[in-house]
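Student:
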Amino acid sequence: FSDPASNLGLEDIIRKALMGNLEERPE
Amino acid sequence: NRMHLLCPMNTSPHVNPHKSGHGIWEEFSHSFTPAVREVVEFAKRIPGFSDLSQHDQVSLLKAGTFEVLVVRFASLFDVKDRTVTFLGGTKYSVEALRAMGAGDFLTSMMDFSENLMGLSLSEEEMSLFTTVVLISADRSGIENVNSVEALQETLIRHLKGLITKNHTNESAIFTKLLLRLPELRSLNNMHSEQLLAFKIH
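Line order of the protein sequences matches chains W and G. Read in order, the letters of the first sequence correspond to residues 394 to 420 in the numbering used here. Read in order, the letters of the second sequence correspond to residues 488 to 688 in the numbering used here.
What follows is the structure in structure tokens.
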């Protein structure tokens, strides 16, 4: 249990929220 | 058969005893996910955050989200009334939560809330303090420490400037605020232990 954030799905939520930002960013 | 989930990010401390552990977690996750998304949105608005590598953005958020949530939701812990308000809107007394199994962690959360709220920071000061909580170069897994450190130093400088400007006769406030950072780290560690206990149950 050295990485609670990954184990509890937090990383997934964070990555998805960040990816939303990347998708919205105009090229 | 754990009957309570004593986190105010849950709608209520009571859990359905007929639900599986996975079901309880799903429900809890549904409750706290919007708050986590708000932390990410907050981070994106920090000038310079988006210039960090995506790896470091994720590392900072993974390590710091709990601490940011503690700062944002410190007011849920009402030291004067000795109550904790859960996301469902219901207040529970400290005594009631103790009877449900809350221990030292609750005491530490109440202490932190008292220490932070006692500084009577403005919304702007609290927001800038939150950026300092999140942008911390000594989090594990940071690849480009120099970039995070540079951003951290800029944010601390701005926080100091703002506090000094707003509290001309209270020079100790900035120091008191910085002392909240190790307190948050300690709470973060305690929280991880609580999560471990939850997983075991």
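Every residue gets a Cβ at the ideal spot worked out from N, C-alpha and C, and that includes glycine. Computed from a prediction, not measured in an experiment: that's the story for all the values here.
1) Have a look at the DSSP bridge pairing and note the partners of residue 565 of chain G.
2) Please return the same chain residues whose Cβ sits closer than 7 angstroms to the Cβ of residue 681 of chain G, not counting the five positions on each side in sequence.
3) Considering residue 580 of chain G, what are the terminal residues of the beta strand (DSSP E) in which it resides?
4) Can you tell me the Cα-Cα spacing of residue 646 of chain G and residue 621 of chain G, whole angstroms?
5) Between which two residues does the alpha helix (DSSP H) harbouring residue 543 of chain G extend?
6) Taking all protein chains shown into account, decide if residue 409 of chain W is buried (16 or more other Cβ within 10 angstroms of its Cβ) or exposed.
7) Please state whether DSSP places residue 678 of chain G in a helix, a strand or coil.
8) Could you work out which residues of chain W lie near residue 544 of chain G, taking near to mean beta carbons separated by less than 7 angstroms?
9) Keeping to the same chain, check which residues put their C-beta closer than 8 angstroms to that of residue 523 of chain G; ignore five residues upstream and five downstream.
10) What residues from chain W crowd round residue 729 of chain G, counting only those whose CB sits closer than 7 angstroms?
11) Using only the alpha-carbon positions, how far apart do residue 663 of chain G and residue 514 of chain G sit?
12) Roughly how far, in whole angstroms, is the beta-carbon of residue 561 of chain G from the beta-carbon of residue 603 of chain G, given that I think they are within contact range, below 8 angstroms?
13) Starting from the N-terminal side, write out each stretch of the beta strand (DSSP E) that is 3 residues or longer and does not extend beyond the stretch 600-665 of chain G.
14) Please list the partners that residue 593 of chain G has in chain W, where partner means a Cβ-to-Cβ separation under 8 angstroms.
Tutor: The short version:
1) G/570
2) 592
3) 578-580
4) 13 angstroms
5) 541-559
6) exposed
7) helix
8) 411
9) 552, 556
10) For residue 729 of chain G there is no data in the structure shown, the boundaries of chain G being 488 and 688.
11) 37 angstroms
12) 5 angstroms
13) none
14) Here the premise fails: no neighbours, minimum Cβ distance about 19 angstroms.
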